[in-house]
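These notes concern the structure reproduced below.
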Amino acid sequence: MARAEEYADEYRGRLHDLSWFMRVLNESIARRANAEDKVRGRFWEGRFKSQALLDEQALLAAMSYVDLNPVRAGVCEGLEDSTHTSIARRLSQPQEETTATQVGDALPEREDDRPPLLLQKTNTDAPTDPAIISGVFNSEVLREERVLRSLQPAPLMPFDGTGRFEAGIPFSWPDYVELTQTLGRCVHPTKRGRIPEGTPKLLQRLGIGTEAFIAHAFDLFHSFGSAIGAPASLVDLAARRQCQYLRGIRTARDMFGQDLLAAS
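Below you can see the structure in the form of C-alpha cells.
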C-alpha cells in the first residue's frame, strides 16, 4: 500500500511537471522521426547543423555549394533546370528583380537596416484585411492552411556589387552567374575535373584560386567546424573565443589563400 502511494505521488507530480511533459513529447516525436528516416539517436542529432559564415569568402563558398548541389548530383543538366535553388529562381526572373544596384536609391543604404521591401513581388491572392494579417503573426491560435498559403513569400536578398546596401549580397549578379556556370561545368558528372582556363572575376576579386576553390568547395561543411572563413577570420574568432585552434584552418589556407592571413 505504501509503495502504491509513492507511485501515486510520483505520477501526480509528473502530471503538472512541464519538463516531464516535454521530455515525453520529444521522445515520441523522436521515435517516429527516426523510424521515418531509418536512423537512431536523438532527434536533432545529425539532422541539423549550424556553421557561422565569417566573411565574403565563406558566403560565396556556401552559396555556390547550395546552388550547385543538383548539378553535382546529376539531377539536372544546368543551373536553370534545378529546383528548390535560389539561382534557378533568379534566372527565371528579369534581372532587375535580382539586383539591388539597378533600383538605385529605392533601397535603404547600409546605415539603415530596413528590409528591401521594394523588391517584393505583389501577391494578388494575399489577404488584405488588416485583422487577418495581424492575427497571423500576433495570435497564438493556429491559422487555417488557406490563410498561411496566401501569405507572400519572403523575397530573395538582392545582389549588390557596390556594397552600398546593408540588406544585399556583396557580389555582382553577373559575376556570380559566371562563377556558378564555370563551376557547374567543372563538377557535372559527365564533365568532372575540367578546370577552366580563366579565373572567374569574383574569385579574382576575393583572391581565391580556381583549382583550390573547386577542390574544396564540395566538402566545405565537412572540412570546417563551427565556423567557415578565410584564415584571418578563423584566427580572429579563435582569439575572441580564447582557444588555440579552430577546425578548418588548413582547408581555409588551401582554399582561400595564406596571403589573407599574412595581410592581417
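Residue numbers for the sequence shown follow full-length UniProt numbering, so the first one is 1 and each next one is one higher.
The C-beta atom is built at its ideal place from N, Cα and C for all residues, glycine as well.
In the assembly as shown, residue 29 is an exposed residue. Its beta-carbon has fewer than 16 other beta-carbons within 10 Å. Counting C-beta pairs with one atom in each stretch, the region 151-167 and the region 46-66 have fewer than three that are closer than 8 angstroms, which means they do not touch. Around the CB of residue 176, 16 or more other CB atoms lie within 10 Å, so the residue is classed as buried. Going by DSSP, residue 184 is part of the alpha helix (DSSP H) stretching over 173-187.
Counting only residues of its own chain and dropping the five nearest sequence neighbours on each side, residue 85 has a CB closer than 6 angstroms to the CB of 67. Contact annotation: residue 71 and residue 209 have beta-carbon atoms that are not nearer than 8 angstroms. For residue 257, the CB contacts under 6 angstroms within the same chain, skipping 5 residues up- and downstream, are 207 in chain order. In this structure, the straight-line span from the alpha carbon of residue 5 to that of residue 12 is close to 10 angstroms. By the 16-neighbour rule on beta-carbons within 10 angstroms, residue 83 is exposed. Taking the Cα of residue 200 as reference, the smallest distance to any Cα among 180, 217, 215 and 187 is reached at 180. If you draw a straight line from the Cα of residue 90 to the Cα of residue 222, it comes to about 28 angstroms.
Around the Cβ of residue 243, a 10 Å sphere holds fewer than 16 other Cβ atoms; the residue is exposed. DSSP places residue 208 in the coil class of the three-state scheme, outside both helix and strand.
Across the structure, residue 235 and residue 212 are spaced so that their CA atoms are roughly 20 angstroms apart.
Taking C-beta separations shorter than 6 angstroms and ignoring five residues to either side along the sequence, the partners of residue 178 in its chain run 200, following chain order.
Per the coordinates, the alpha-carbon of residue 237 lies some 16 angstroms from the alpha-carbon of residue 50. Per DSSP, residue 231 is one residue of the alpha helix (DSSP H) stretching across 231-241. The C-beta distance from residue 240 to residue 224 rounds to 17 angstroms, too long to fall under 8 angstroms, and the pair is not in contact. In the structure shown, the three-state DSSP call for residue 54 is coil. Residue 159 sits in a strand when the DSSP states are folded into three classes. In terms of Cα proximity to residue 230, the closest of 217, 214, 220 and 249 is 249.
Under a 10 Å Cβ-count criterion, residue 173 is classified as buried, with 16 or more other Cβ atoms of the shown protein chains found around its own Cβ. Under DSSP, the beta-bridge partners assigned to residue 227 are 52.
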